[in-house]
């Protein structure tokens with residue numbers, strides 16, 4: 016009997032390998048531009064992402080079937096960015112001052128800028144997914160955002 020799927024056992028990445036790939040990718044995103052009032056909080060948010068569990072799990076699952084995880088890097092980072100967008104808006108609605116022991120974006124820069132940063136991250140996610148050119152993913156992500164709202 017043939018297996019239902021083939022697992023790539025030759026070039027499996029470790030958790031640490033994938034976390035380094037994700038961190039390097041996010042660290043190289045261009046957020047050092049004007050207006051600094053917007054991009055400093057964006058950088059702050061993305062640096063607060065802890066162990067980056069979501070994109071690493073995404074890439075681990077992808078790596079079970081494919082060798083080149085860099086092909087899945089954009090959607091993996093989109094998942095992380097989308098999650099951060101939802102957290103920012105959640106913190107504003109709940110008037111949270113701390114998340115995982117760190118000051119929330121809204122407690123440092125105020126609710127108005129926090130909402131703008133959340134909206135920016137959501138737009139960034141859409142731009143990442145547009146590059147992938149999969150309308151089903153775009154429809155799903157926008158439907159989820161509508162349902163959350």
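Residue numbers (this note's numbering): 16 to 164.
All C-beta atoms in this analysis are idealised placements derived from N, C-alpha and C, irrespective of residue type, glycine included.
In this text, all values refer to a predicted model and were calculated from it rather than measured experimentally.
| Query | Result |
| --- | --- |
| How is residue 44 classed by DSSP in three states: helix, strand or coil? | coil |
| By how many angstroms is the C-alpha of residue 40 removed from the C-alpha of residue 157? | 24 Å |
| How should residue 68 be labelled, buried or exposed, when 16 other C-beta atoms within 10 angstroms of its C-beta is the threshold for buried? | exposed |
| Work out the CA separation of residue 96 and residue 80 for me, nearest whole Å. | 24 Å |
| Enumerate in chain order the residues of its own chain whose CB-to-CB distance from residue 113 is below 7 Å, with the five nearest sequence positions on each side excluded. | 119 |
| How many angstroms separate the CA atom of residue 152 from the CA atom of residue 49? | 30 Å |
| Would you check if the distance between the CB atom of residue 74 and the CB atom of residue 91 is smaller than 7 Å? | yes |
| Using the Cβ count rule (16 or more neighbours within 10 Å means buried), how would you classify residue 102? | buried |
| Does the Cβ of residue 120 lie closer than 6 Å to at least one heavy atom of the ligand MN? | Inclusion of the ligand MN in the displayed structure is not the case, the ligand content being empty and no account of it being possible. |
| Does the distance from the CB of residue 130 to the CB of residue 108 come in under 7 Å? | no |
| Give the range of the alpha helix (DSSP H) segment to which residue 161 is assigned. | 150-163 |
| Three or more C-beta pairs closer than 8 Å, one from the region 49-61 and one from the region 26-38: is that the case here? | no |
| For residue 69, name the three-state secondary structure that DSSP assigns. | helix |
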